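To keep things clear, I will list the structure first and then write my remarks on it.
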Amino acid sequence: MSNITEFVQSLAVQVTLVSWSVFLLAWSIGWMLRGSPIPLARVRRAGQSFIEDAVWAAFWLSVGSLVFALVSKIAQVLQGAP
Amino acid sequence: MNNQEILLLSASLSVLTYSFGSLLLGLPLPFPSLKKLGSTLMKDAVFSMFTVALSSLLLSLPVTIYEKISADWGVFEEWIAKRALILSSLKAGASLASSLLSKVAGELALDSFLEPFVKSINYSLLTLYLALSLSIIIRHHYAKLILLGILLSSIPLRLARGAGCYLIAFSIVFYAGLPLMPLFVENFSTPVDYPDINTDVAQGVIRVLDRRGVPVPNAVVSGYDLETNRLLFKYTTNALGVTTIKSPLDGLPVNRVFGLMVEVMGRQAVVNPRIVEPSFYKRFIGERVELDVLLEDVLLIDKNGVYLFIGSEKEASISEEQNIIKVYLGESEQYVFLVHPLTCNVDIGGTVLTRSVNVWNDIPVVINEIFVESVEKPVIITVNECRLQNIDFYYPYTLSTSLSLKDRFTQTASQILLNFVVLPAVYIAILLSITSALAYTLSGARDRLPVKPW
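Order-wise, the sequence lines are chains D and S. Residue 51 in this note's numbering sits at position 42 of the first sequence; the count goes up by one each step and never skips. Residue 815 in this note's numbering sits at position 64 of the second sequence; the count goes up by one each step and never skips.
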């Protein structure tokens, strides 16, 4: 039954990979929209928000393992474990 | 899947949720709700990771509370076992009584008052066994349930977070709370007076015979418990010398040894057997029994109530002409007693030493003391006219001393239902409400998906 665990883990890895690619995509699309010669403020604003969100997503992705490590540490402190 | 694997799977699911959340957050799509979903998913992942990390605390929490409130599974199981034993034996007694009843009284009596009683016992037993099964599951698998709850609550998109938190809360609350059920039930229950079901009854009669084997009417036959000397039954013989039974539920003890006593006109006779064992019965088809009892010192002179009490050593013979009865005794120089009610007109040819009248249960009884000089000289008794008022002592050994009291059975059934169905159910309902409150606290205010309509 450890297949499920492995499956979930591989799924998580794949999703992380996809997330990184999506970040790159969103980053480029965002800059593309932002720098496009279209005289529409909304488009530029959408591009700006894409870039911001993508940066945040990339940040959380990169600190993900750190977050979980922090959670485990806090839980250990709460439980009084060494 | 062992506990470690379950925890690993939960952690992996948290990681998956986290990556999925960040994927949604980074999607280059202009939908703010999607971004919000992404960040919520990440928060959920942190929450479930937190739960996984706190698993050992969660696992030790039920035991800690259990020890703090000094609950005891042993007491709980003993309580269930005792109650189940009482109810089972009661049920067995009731079933036996109902099978006997249906044989003699038909289905009507069975349905009317025994069936609700048996049903209430059945429901109570069912409740007790359900509680027992629940306790066994909780007691031995609470850790598994908590881990399963952690696993469920770490499934992405909060798909089973409510159920998972409910499982965790259920394990904690029931592990600590269920052993206290006896305390609750015993404190709030009404005492049950269990009906005294007596199934040790066979339809049966006692035939009372005098010294010569002639059936003796109007003899009062009593049975006594040998240990407590308690009266078991008292019957009166009819004209055929057989005890009359007025109800099909009445009869004789079939499985116990009892003492026997026979009174004739207020005078105690020497009976054989004096102590009756179950093997003494003549048994017939349909569990009917019969017992012949010999009065060793009584000669029946007239079946309307004239008896001669003689010494029980030697044979005696009787010759009868018209209403003149000559009794030749087997032994000289002895005292015999002729006993008859005052309403009988009896002439005695012989030496009557004393003649006294005693009142026995409102019946004036004449006792003549006669001295017999020799074997050749008979006691000549002439019964001119004899009437006897009805003697009827009836204290039956019946199928159940309280079986006829339908109300009592209904009352007991209701008490049993209250004590062993309603109160445990109420207690479990209380535990369930605590569980849902705790689950709500654990899972947060919202259980539904954090997706808003666009």
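Ideal Cβ positions, reconstructed from N, Cα and C, are used throughout, including at glycine. Computed from a predicted structure; not experimentally measured.
Rounding to the nearest angstrom, what Cα-Cα distance links residue i and residue j in this structure?
i	j	result
Ile887 of chain S	Tyr926 of chain S	10 Å
Ile1131 of chain S	Ser1070 of chain S	10 Å
Met793 of chain S	Gly772 of chain S	5 Å
Lys939 of chain S	Pro1175 of chain S	Per the sequence presented here, residue 939 of chain S reads as Phe, with Lys not at that position. Computed Cα separation, rounded: 10 Å.
Leu1093 of chain S	Val1134 of chain S	12 Å
Ser1165 of chain S	Leu977 of chain S	36 Å
Glu866 of chain S	Tyr1146 of chain S	27 Å
Thr878 of chain S	Val1173 of chain S	9 Å
Leu902 of chain S	Gln85 of chain D	19 Å
Gly844 of chain S	Gly825 of chain S	28 Å
Glu1103 of chain S	His1091 of chain S	For the sequence presented, residue 1103 of chain S should be read as Val rather than Glu. Going by the C-alpha atoms only, they are around 14 Å apart.
Leu3 of chain D	Gly39 of chain D	No information on residue 3 of chain D is available, as it lies outside the stretch 10 to 91 that chain D covers here.
Ile1185 of chain S	Gly900 of chain S	17 Å
Val64 of chain D	Leu760 of chain S	29 Å
Phe935 of chain S	Trp830 of chain S	12 Å
Ile60 of chain D	Phe798 of chain S	27 Å
Val1126 of chain S	Val993 of chain S	33 Å
Leu1193 of chain S	Ser905 of chain S	13 Å
Phe16 of chain D	Tyr817 of chain S	38 Å
Phe1060 of chain S	Leu1080 of chain S	11 Å
Ser807 of chain S	Ser81 of chain D	12 Å
Thr1152 of chain S	Leu883 of chain S	A caution first: Thr1152 of chain S carries a pLDDT of 46, below 50, which makes its placement in the model too unreliable to give a value.
Leu991 of chain S	Pro933 of chain S	58 Å
Verify the CB distance criterion: does residue i have a CB-CB separation below 8 Å to chain D?
i	result
Ala911 of chain S	no
Ser904 of chain S	no
Met932 of chain S	no
Tyr769 of chain S	yes
Pro779 of chain S	yes
Ser922 of chain S	no
Ser1194 of chain S	no
Val766 of chain S	yes
Lys786 of chain S	yes
Ser846 of chain S	no
Ser875 of chain S	no
Glu858 of chain S	The predicted position of Glu858 of chain S is uncertain, since its pLDDT is 48 and thus under 50; a value taken from the coordinates is nonetheless stated next. By this cut-off, Glu858 of chain S is not an interface position.
Ser773 of chain S	yes
In chain S, which residues lie with their C-beta within 7 Å of the C-beta of residue i?
i	result
Trp65 of chain D	Leu776
Gln57 of chain D	The premise fails here: Gln57 of chain D is roughly 11 Å from chain S at the closest Cβ pair, so nothing lies under 7 Å.
Val76 of chain D	Val797
Please confirm if residue i has its CB atom under 8 Å from at least one CB of chain S.
i	result
Ile47 of chain D	no
Gln18 of chain D	yes
Trp40 of chain D	no
Ala50 of chain D	no
Gly73 of chain D	yes
Ser81 of chain D	yes
Val27 of chain D	yes
Val31 of chain D	yes
Val24 of chain D	yes
Gln88 of chain D	yes
For residue i, return the contacting residues in chain D, with the cut-off set at a CB-CB distance below 7 Å.
i	result
Lys842 of chain S	Correct list: empty, because the minimum Cβ distance to chain D is about 44 Å.
Leu760 of chain S	Ile13, Thr14 and Val17
What does residue i reach in chain D if we use C-beta pairs closer than 8 Å?
i	result
Ser763 of chain S	Thr14, Val17, Gln18 and Ala21
Between the Cα of residue i and those of the options, spot the shortest distance and give me the residue it belongs to.
i	options	result
Leu847 of chain S	S:Thr1163, S:Ala953 and S:Asn753	S:Ala953
Gly777 of chain S	D:Ser81, D:Ser28, D:Val22 and D:Arg43	D:Ser28
Val766 of chain S	D:Gln88, D:Gly89, D:Leu87 and D:Val76	D:Val76
Leu983 of chain S	S:Gly992, S:Ser973 and S:Met1016	S:Ser973
Val733 of chain S	S:Ser811, S:Asp795 and S:Glu1047	In the structure displayed, chain S extends from 752 to 1205; residue 733 of chain S sits before or after that span and is not available.
Ile83 of chain D	S:Val803, S:Val971, S:Tyr1191 and S:Gly1062	S:Val803
Pro942 of chain S	S:Leu908, S:Arg834 and S:His891	S:Arg834
Glu1124 of chain S	S:Leu760, S:Ile957, S:Glu1082 and S:Tyr1178	S:Glu1082
Leu1189 of chain S	S:Lys842, S:Cys916, S:Leu1089 and S:Ile837	S:Cys916
Ser875 of chain S	S:Arg1007, S:Asn1023, S:Val1013 and S:Lys842	S:Lys842
Leu885 of chain S	S:Asn969, S:Ser871, S:Leu908 and S:Phe921	S:Phe921
Gly1056 of chain S	S:Val1117, S:Glu1084, S:Ala1067 and S:Leu836	S:Val1117
Thr1163 of chain S	S:Leu838, S:Ser998 and S:Pro783	S:Leu838
Leu910 of chain S	S:Ala796, S:Gly1010 and S:Val1108	S:Ala796
- Task: Only counting runs of 3 or more residues, tell me where the beta strand (DSSP E) segments fall wholly within the region 932-1011 of chain S, in order along the chain.
- Result: 955-960, 970-976, 982-987 and 1001-1004
- Message: Threshold first: 3 residues or longer. Then list the beta strand (DSSP E) segments lying entirely within the region 1003-1089 of chain S, N to C.
- Response: 1009-1015, 1033-1035, 1039-1046, 1049-1053, 1057-1060, 1068-1072 and 1075-1079
- Continuous alpha helix (DSSP H) assignments of at least 4 residues falling wholly in the region 772-855 of chain S: 783-804 and 806-819
- Message: By the 7 Å beta-carbon criterion, what residues does the region 795-823 of chain S contribute toward chain A?
- Response: Note that chain A does not occur in the displayed structure, where the protein chains are D and S.
- Which whole runs of the alpha helix (DSSP H) in the region 1157-1183 of chain S are 4 residues long or more, in chain order? 1157-1168
- Task: At 3 residues or longer, and completely inside the region 1090-1147 of chain S: list those beta strand (DSSP E) runs for me, N to C.
- Result: 1096-1100, 1102-1111, 1114-1123 and 1130-1136
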